[in-house]
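Start counting the sequence shown at 1; every next residue gets the next number (UniProt numbering).
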Amino acid sequence: MEKPEEQLAIFSSRPEIIHRYSLKGEKITFDESALKPYRLISDLELGKRVDPKYPSVKKGWRKYRRKIFKMNESRIRYLLLTLLDYERKVPMDNTLEVYCHNGLFSDLLNAKEGYYVVQYKNKLIFASTSTRANQNQLLSYIGVKFEALMKCQPSPRDCSHCKLLLNGEYGRWPFKSVVEVDAFKKTPRGKVYCEMKLCYSSNAKEYAISKLTSNREFLEFLRINVKSFRKKIEKWLFQAYFGRQDILVVGLRDDDFKLICNTELKVIEEIIPFVRQTYPSLYEKFINAPQTVSSSLDTIHRQIKQLQRTETDVFLLDTSFPLNVERCARKFETIIIPEFLEQHPLDPLSSLTESLDKLSVGRFA
């Protein structure tokens with residue numbers, strides 16, 4: 001069992017849900033209308049299995065169109081629109097805080113990713129540099145197809161989704177972030193949010209799966225038979241726990257893209273104890289994650305303060321160790337959308353300083 005102080009640190013680090021949005025095609029609404037309940041396929045659950053039928057997670061993939069960002073398109077448009085809608089109830093103040101997608105925090109802990117960063121109106125605003133243009137179409141599809149199967153929906157054709165707006169604090173850093181939610185489960189205590197994950201093993205055969213009778217045995221099977229499982233469960237744990245999703249629905253597919261098994265895992269009662277017992281160093285990393293993220297944000301902010309001349313400066317962050325921030329040529333207007341600027345206009349003095357800087361560069365170039 002965790003020590004009392006560790007339990008307190010874990011539970012106090014979870015953010016609160018303050019708003020949400022649904023995206024259907026290109027239409028945004030500030031509700032959960034795109035969020036649906038899930039139901040496991042009973043034939044594919046653990047335990048006694050009788051002649052199960054294996055649905056394909058590949059079917060329909062050629063018709064799927066994932067969102068590809070244009071080079072000058074903001075990656076955080078819907079985050080900023082959701083913040084603006086939230087501000088109708090709670091106006092933005094001058095507190096130094098972070099605006100981002102929730103995946104930033106996992107990337108700061110253990111990933112090599114790129115982000116554009118601006119410090120505007122005393123907010124550190126992060127936007128991914130990825131356009132998704134080079135992502136594998138099939139592998140991008142099978143995850144959302146698995147989600148559709150769990151929600152008894154037809155094959156997906158676009159990236160419609162629901163995201164929650166979270167409000168929290170890591171160390172001295174308050175933040176507002178959005179996290180995608182795949183589905184929910186109705187319980188006597190209310191709605192419980194769920195994250196869905198599909199993994200692959202060449203050993204996903206009926207004779208092996210039929211021997212598994214518990215979630216603990218299933219996790220042990222994944223540990224032995226799924227490549228780089230430690231890295232996967234790290235991502236699952238951090239994404240689900242700090243994203244306020246208390247259930248993980250995990251599917252296992254085979255070489256032929258057939259779904260062989262599905263099960264429901266409770267994050268606090270099953271995933272965390274498994275990680276604590278099986279991967280002690282990962283558990284330690286989990287316990288220390290809020291402070292690690294806070295220290296990383298301190299480093300980023302310190303580097304930006306040394307480089308920033310105007311509030312429209314754009315910086316490039318490399319999350320690999322050691323963290324590095326540098327100025328970049330990305331235009332401010334390709335990150336901060338017009339609607340946000342209309343509500344929070346540029347400081348005239350900052351605009352004048354920027355114009356003088358450009359004039360000076362042109363004169364002495």
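Note that CB positions come from ideal geometry on N, CA and C, so glycine has one too.
V249 has M196, E264 as its beta-bridge partners, per DSSP. A residue is called buried when at least 16 other Cβ atoms come within 10 angstroms of its Cβ; N262 meets this threshold and is buried. Here S74 is buried, its C-beta having at least 16 other C-beta atoms within 10 Å.
Boundaries of the alpha helix (DSSP H) harbouring T82: 77 to 87, taken from the DSSP string. The beta carbon of D347 lies closer than 7 Å to those of E311 in the same chain, with the five residues before and after it left out. If only complete runs of 3 or more residues are kept, the stretch 126 to 212 shows the beta strand (DSSP E) at 161 to 170, 173 to 181, 183 to 187, 190 to 200, in order along the chain. When the beta-carbon positions are compared, L139 and T82 stay at least 7 Å from each other. Under the three-state reduction of DSSP output, R49 falls in the coil class, being neither helix nor strand. Distance from V275 to L237 at the Cβ level is roughly 6 Å; contact confirmed, criterion being Cβ atoms closer than 8 Å.
In the three-state reduction of the DSSP assignment, F315 falls in the strand class, which pools E and B. The beta carbons of Y21 and F30 sit closer together than 7 Å. Contact between the stretch 221 to 238 and the stretch 95 to 112 is present: three or more C-beta pairs spanning the two stretches fall below 8 Å.
Here the C-alpha atom of S281 lies approximately 20 Å from the C-alpha atom of F221.
The straight-line gap separating the alpha-carbon atoms of Y241 and G251 is approximately 19 Å.
Within its own chain, the residues whose Cβ lies closer than 7 Å to the Cβ of E264, once the five positions on either side in sequence are excluded, are L40, I247, V249, listed in chain order.
Comparing alpha-carbon positions, the option among H19, F184, R132 lying closest to Y193 turns out to be F184. Residue state for R20 is assigned as strand, using DSSP reduced to three classes. With fewer than three CB-CB distances shorter than 8 Å, the stretch 40 to 51 does not count as touching the stretch 196 to 203.
Of the other Cβ atoms in all chains shown, 16 or more fall within 10 Å of the Cβ of T319; this residue is therefore buried. For V275, the uninterrupted alpha helix (DSSP H) segment begins and ends at 272 to 278. One Cα belongs to I268, the other to S177, and the distance between them is close to 22 Å.
Here the alpha carbon of K163 sits roughly 6 Å from the alpha carbon of V181.
Taking the C-beta atoms as reference points, W173 is found no nearer than 7 Å to S296. In the displayed model, I304 falls within a helix according to three-state DSSP. Look at V293 here: in three-state DSSP terms it is helix. With respect to the 7 Å criterion, I304 and Q119 are classified as neighbours on the basis of their beta carbons. Using a Cβ distance threshold of 7 Å, V179 and N102 count as a contacting pair. By the Cβ criterion, the stretch 51 to 70 is in contact with the stretch 126 to 136, since at least three pairs of Cβ atoms, one from each stretch, lie closer than 8 Å.
C-alpha of T131 to C-alpha of I76: approximately 12 Å in a straight line. Residue burial is scored here from C-beta neighbours: K145 has at least 16 other C-beta atoms within 10 angstroms and is therefore classed as buried. Scanning G114, E342, G25, P55 for the CA closest to the CA of E147 turns up P55. For K235, the enclosing alpha helix (DSSP H) covers residues 229 to 241.
The DSSP-derived three-state label of L124 is strand. Inclusion of K58 and F332 in the CB contact set at 7 Å is not warranted, their separation being larger than that value. Taking C-alpha positions only, E16 is separated from K36 by approximately 21 Å.
Spanning the alpha carbons of L212 and Y86 requires a straight line of approximately 46 Å.
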